[in-house]
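What follows is a single structure, written as C-alpha cells, with notes after it.
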Amino acid sequence: DMWQLVQEGPEQRLNQTEFTQPALLTASVAVWRVWNQLQGQRPTLLAGHSLGEYTALVCAEAMAFTDAVKLVAERGRLMQLAVPENVGAMAAIIGLENEQVDEVCRLAMHDQVVTPANFNAHGQVVIAGNKEAVERAIGLAKQAGAKLAKLIPVSVPSHCPLMREAAQQLADTLKNITIASPKIPVLNNVDVRINTDSLAIKEALVQQLASPVQWVKTIEYMAAQGVQMIMECGPGKVLSGLNKRITAGLPTLALNNPTLIEEALAAL
Numbered sequence: 051d052m053w054q055l056v057q058e059g060p061e062q063r064l065n066q067t068e069f070t071q072p073a074l075l076t077a078s079v080a081v082w083r084v085w086n087q088l089q090g091q092r093p094t095l096l097a098g099h100s101l102g103e104y105t106a107l108v109c110a111e112a113m114a115f116t117d118a119v120k121l122v123a124e125r126g127r128l129m130q131l132a133v134p135e136n137v138g139a140m141a142a143i144i145g146l147e148n149e150q151v152d153e154v155c156r157l158a159m160h161d162q163v164v165t166p167a168n169f170n171a172h173g174q175v176v177i178a179g180n181k182e183a184v185e186r187a188i189g190l191a192k193q194a195g196a197k198l199a200k201l202i203p204v205s206v207p208s209h210c211p212l213m214r215e216a217a218q219q220l221a222d223t224l225k226n227i228t229i230a231s232p233k234i235p236v237l238n239n240v241d242v243r244i245n246t247d248s249l250a251i252k253e254a255l256v257q258q259l260a261s262p263v264q265w266v267k268t269i270e271y272m273a274a275q276g277v278q279m280i281m282e283c284g285p286g287k288v289l290s291g292l293n294k295r296i297t298a299g300l301p302t303l304a305l306n307n308p309t310l311i312e313e314a315l316a317a318l
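Put into C-alpha cells, the structure is as follows:
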C-alpha cells in the first residue's frame, strides 16, 4: 500500500530504492494530475532528473502509470542487486569545474570505478563508483580546492559503469513495456535529445542507468528554446535549487504544496 508506506513507513523500507522509486514516481504524477485538474498551463517540454525521466514519460502519455510503477520498482531491485551493500558509493563535489572532477576521478580510480554521475549545476557534480575509489576522489577533490566533497547517503552508486549489468537486465524488462510517442516532447538525460520512437526512448532509458545525468545541459536547452518558467512536479524542491544555479533568469516554481500550486497558477 503506497499511501501507508509513505505516511507510516517504516522509513528503512521506504529508503530501499525499489520502494523509493515507485513512491517518488507516484508522488510526482499525483502533483501533475492536480496541476491538470486545476487547468494549469500545458508545458512546451518535459524532462526529469534520473528517475524523473520515467515520470516525464508518464505525464507525456508515452507510458502507462501502472507500467511505470512496476518498471521503476524492478529498476530499483536490479540496481540494488548489481552492487552489494557497502561496495558502491556516491559523493557530492561542489566548487570544481567539470574538467577538474574528471581529472580527480581519473587519478582516484586505481583499477576501480569512479566517474561523474550527475552534472547537477555549474560547479556541482555528483560522482559514483566503488566506495574506496569515491573516498580517494573526495580527498583529491579537497586538495584541488573543492568547497565541499562528501559522501551522499544512498544505497546504490547510480549512473556509473557499475550499473551496466543492471542496465542490460533493464533492457530485457523494457521489451515487455509498451511505450508510445510522447504527446509532449520529453528531453532525455543521456544526450538531451527528444526521442519519439519507442525503441529510441527505451535505449535512452537503458543507457541512462550507467551514464551521467546531463541536467545542466537539459535546463540550458530549455532556456535556449525560449522556455520562460519551469514547474517542478514532485514532493520536494531540489531541482528548483539546482536550476537557479544553472540559469538565473529562468525561474523554477516547486509545486509541492497547495499554496505553491495556487501561486504558480497565478504567475501564469
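Count along the sequence shown from 1, add 50, and you get the number used in our numbering.
A virtual CB, placed ideally from N, CA and C, is assigned to each residue, including glycine.
- Closest in alpha carbon position to isoleucine 143, among Ala123, Glu313, Phe169, is Phe169.
- Comparing alpha carbon positions, the residue from Ala158, Gly179, Thr302 closest to proline 134 is Gly179.
- For alanine 230, there is no enclosing beta strand (DSSP E), as DSSP marks it with neither H nor E.
- Minimum Cα-Cα distance from tyrosine 271 among the listed residues Arg295, Leu237, Val288 corresponds to Leu237.
- The Cβ neighbour count for glutamate 111, taken over all protein chains shown within 10 Å, is under 16; the residue is labelled exposed.
- By the Cβ criterion, the stretch 299-314 is in contact with the stretch 278-290, since at least three pairs of Cβ atoms, one from each stretch, lie closer than 8 Å.
- Where glycine 138 is concerned, there is no enclosing alpha helix (DSSP H), although the beta strand (DSSP E) around it starts and stops at 138-144.
- Between methionine 129 and threonine 67, the gap from beta carbon to beta carbon is short of 8 Å.
- Annotation for valine 122: Gln71, Pro72, Leu75, Leu101, Tyr104 place their beta carbon closer than 7 Å to its own, counting only its chain and skipping 5 residues before and after.
- Taking the C-beta atoms as reference points, alanine 139 is found no nearer than 8 Å to lysine 200.
- At a cut-off of 3 residues, the continuous stretches assigned as beta strand (DSSP E) that sit fully inside the stretch 249-284 are 280-282.
- Counting along the chain, threonine 297 sits inside no alpha helix (DSSP H), nor does DSSP assign it H or E at all.
- Around valine 119, the same chain offers Pro72 as residues with beta carbons nearer than 6 Å, after the five sequence neighbours per side are excluded.
- Between glycine 90 and leucine 315, the C-beta gap is smaller than 8 Å, which places the two residues in contact.
- DSSP places asparagine 86 in the uninterrupted alpha helix (DSSP H) bounded by 67-87.
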